[in-house]
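Heads up: the sequence lines are chains C and H, in that order.
Sequential numbering from 0 applies to the first sequence in numbering that gives the first Met the number 0.
Sequential numbering from 0 applies to the second sequence in numbering that gives the first Met the number 0.
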Amino acid sequence: MDLTAVENTEETNVWGGGERPLKSSYGKLMMWFFIVSDALTFSGFLVSYGFSRFKNMDSWPIADEVFTHFPFLHGVDAPMYYVALMTFVLIFSSVTMVLAVDAGHHMQKAKVTFYMLLTIIGGAIFVGSQAWEWKNFIKGEYGALETKGGQILQFVDASTGKRIAIADFAVEVPTKRDIHQASNGIWYDAGSSLPSFSVEEVVKGFEANNNLVIKSEKIDATGHKVILSRDESLDQIDTAVAVVEGANLVHNEYGNRLFADFFFFITGFHGFHVLSGVIINIIIFFNVIVGTYERRGHYEMIEKVGLYWHFVDLVWVFVFTFFYLV
Amino acid sequence: MAHDAHNLAIFRGLLKFKSNQQKIWGVLIFLSIVTTVEVVLGIVKPAALMNSFLNMKILNWIFLILTIVKAYYIAWDFMHIRDEKGGLKGSIVLPLLILIPYLSFILLVEADYIFDVMFNGFMSWNF
């Protein structure tokens with residue numbers, strides 16, 4: 000063809016990627032730009048979490064009491080184990096990613112394909128685990144009362160110190176509730192759903208059961224939540240205004256509502272990164288299969304998505320520490 | 000691309016690997032050990048480590064340091080920063096190393112101050 004562009008060799012050397020600044024290609028440098036700025040975004044999130052936590056130092060929820068579930072072990076108190084497992088899954092998928100990058104350097108298409116597949120599976124397991132973690136967090140386990148001041152009152156057995164679910168002691172009080180219907184109000188306005196029990200039912204049940212006491216949000220010098228005496232509990236329960244089951248952005252049965260907000264925002268933002276990482280990995284995986292990089296002559300694209308994938312792992316290391324360990 | 004220009008020594012040359020793949024597995028084992036130590040400490044919570052040092056529990060200091068150690072090995076070996084030129088290393092790590100501690104410092108000190116104000120100013124935890 001006559002119309003082929005004439006290649007200016009000198010220009011190619013300087014601007015066409017021939018002479019690379021810092022011996023790193025354009026694509027890799029841009030990925031690093033993105034990673035550094037994203038790292039600062041995550042730091043902003045985590046530091047604001049730290050801010051709220053330091054501000055509420057003596058009443059912050061204790062992670063070991065919040066995340067206690069493990070698949071197939073119902074009713075077993077297993078803090079930490081599940082997130083530890085998730086951490087291992089993510090680190091392992093990071094390793095298969097480096098192995099894919101390494102195989103790419105040696106132009107081994109079959110190996111790159113295999114390791115990319117393992118990486119995608121690892122990422123998918125991680126996102127799934129996070130969804131399960133969210134499900135448990137949102138659903139809640141024991142339920143609690145919320146006071147007018149926004150404090151959470153949880154219930155424990157006075158003799159054993161074990162948490163008691165409100166469903167186990169609440170008594171049924173027959174009440175009449177007018178259901179809000181489209182025919183007698185604003186057509187788009189539906190009545191909000193009620194918690195399983197009313198405050199009155201929980202309070203009645205609490206008063207009838209002498210073995211119950213209230214666990215407050217406050218933390219004592221040894222790092223445990225303060226458990227009130229029976230008399231103090233009877234005083235406090237009158238301040239309750241709402242029944243809270245599970246957690247959302249407004250109410251949180253585990254304690255300070257900011258804890259739930261930051262949990263949703265930070266692990267959600269991270270989970271979104273993992274999800275997009277998995278999608279990008281799948282695209283690259285198919286590119287590898289159809290031989291795009293074989294024709295291009297190098298597998299640098301694997302290296303670039305690899306950088307992103309490791310970054311996601313790196314962020315999880317910090318989220319794990321600040322949400323579950325510290 | 001410089002294919003075989005990998006720096007194969009970790010722990011300041013204490014441990015040298017024969018190939019890049021071996022190094023990857025070596026780093027994985029190291030990261031797994033560190034994570035296992037963290038999880039065990041988090042479950043056991045040894046009483047000796049619950050004392051406070053510089054306003055934070057010794058256990059939390061250990062977690063923080065181990066996290067930074069893990070982050071270092073993920074960045075240096077998985078993200079190949081070890082193999083990059085000094086200028087690139089610096090321009091990636093220095094902004095983070097300066098800005099993040101700075102941000103944490105001002106916000107956490109401020110939060111601690113707000114905690115003191117609320118702690119001294121309020122008579123009741125529930126009102």
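Glycine included, every Cβ here is placed at the ideal spot set by N, Cα and C.
Asked                                                                                                                     : Found
Other residues of its chain near Ile213(C): CB distance less than 6 Å, five sequence neighbours each side excluded        : Leu152, Leu227, Ser232, Gln235
Start-to-end residues for the beta strand (DSSP E) that takes in Lys161(C)                                                : Taken as a continuous stretch (DSSP letters only), Lys161(C) belongs to no beta strand (DSSP E), as it is neither H nor E.
For Phe121(H), three-class secondary structure by DSSP                                                                    : coil
The region 72-96 of chain H: positions lying closer than 7 Å to chain C by Cβ                                             : Ile73, Ala74, Phe77, Met78, Glu83, Lys84, Gly86, Leu87, Ile91, Pro94, Leu95
Meets three-Cβ-pair contact criterion under 8 Å: the region 48-57 of chain H and the region 283-293 of chain C            : no
Gly270(C) versus Val316(C) - alpha carbon distance                                                                        : 13 Å
Trp31(C) versus Tyr298(C): straight-line alpha-carbon distance, rounded                                                   : 18 Å
Nearest-angstrom Cα separation, counted from Glu252(C) out to Gly139(C)                                                   : 7 Å
For Leu21(C), the first and last residue of its enclosing beta strand (DSSP E)                                            : From DSSP, Leu21(C) is part of no beta strand (DSSP E); its letter is neither H nor E.
DSSP-derived helix/strand/coil call for Leu211(C)                                                                         : strand
Per-residue burial, Pro70(C) [other beta carbons within 10 Å of its own, 16 or more giving buried]                        : exposed
Presumed contact (8 Å Cβ cut-off) between Val325(C) and Asn59(H), rounded CB distance                                     : 5 Å
Proximity test, Cβ basis, 8 Å: His2(H) and chain C                                                                        : Its pLDDT being 46, under 50, His2(H) is placed unreliably by the model, and nothing is read from it.
Cβ shell of Val126(C) (< 8 Å), same chain only, five flanking positions each side left out                                : Gly270, Val273, Leu274, Val277
Within chain H, partners of Asp260(C) - CB distance below 8 Å                                                             : Those do not exist, as Asp260(C) stays about 16 Å from chain H at its closest Cβ, beyond 8 Å.
Secondary structure, beta strand (DSSP E): runs of 3+ residues fully inside the region 103-146 of chain C                 : 143-146
Classification of Gln294(C) by the beta-carbon crowding that lies within 10 angstroms, buried from 16 upward              : Reading off the sequence shown, one finds Arg at residue 294(C), where the question assumed Gln. Classification of Arg294(C): exposed, given that the 10 Å Cβ count is below 16.
Cβ pair Asn247(C), Ile137(C) closer than 8 Å                                                                              : yes
Residues bridged to Asn251(C) [DSSP beta-bridge criterion]                                                                : Ala246(C)
Buried versus exposed call for Ser92(C) [16 or more other C-beta atoms within 10 Å across all chains shown]               : buried
Selection of the region 31-46 of chain H by Cβ proximity to chain C, strictly under 9 Å                                   : Ser31, Thr34, Thr35, Glu37, Val38, Leu40, Gly41, Ile42, Lys44
Stretch pair the region 70-88 of chain H + the region 40-47 of chain H: three plus CB contacts closer than 8 Å            : no
Through-space distance from Gly89(H) to Glu109(H), alpha-carbon basis                                                     : 30 Å
Lys17(H), DSSP secondary structure in three states                                                                        : coil
Rounded C-alpha distance that separates Trp24(H) from Ser128(C)                                                           : 25 Å
Own chain partners of Gly254(C) with C-beta closer than 6 Å, once the 5 adjacent residues on each side are dropped        : Pro60, Ile151, Glu216
Residues of its chain near Leu48(H), where Cβ-Cβ distance is below 6 Å and the 5 sequence neighbours each way are ignored : Ile57, Leu58
8 Å Cβ cutoff met for Ala157(C) and Val201(C)                                                                             : no
Beta-bridge pairing of Ala8(H) - partner residues as DSSP gives them                                                      : Lys15(H)
Backbone CA spacing between Ala47(C) and Phe41(C) [nearest angstrom]                                                      : Looking at the sequence shown, residue 47(C) is not Ala but Ser. Their Cα atoms are separated by approximately 10 Å.
Range of the contiguous alpha helix (DSSP H) that encloses Leu306(C)                                                      : 299-319
Helix, strand or coil at Leu227(C) according to DSSP, with G and I counted as helix                                       : coil
N- and C-terminal bounds of the beta strand (DSSP E) containing Phe77(H)                                                  : Per DSSP, Phe77(H) belongs to no beta strand (DSSP E) and is neither H nor E.
Environment of Pro20(C) [buried if 16+ CB atoms lie within 10 Å]                                                          : exposed
Tyr307(C) beta carbon less than 8 Å from that of Ile279(C)                                                                : yes
Any C-beta of chain C under 8 Å from that of Asn6(H)                                                                      : no
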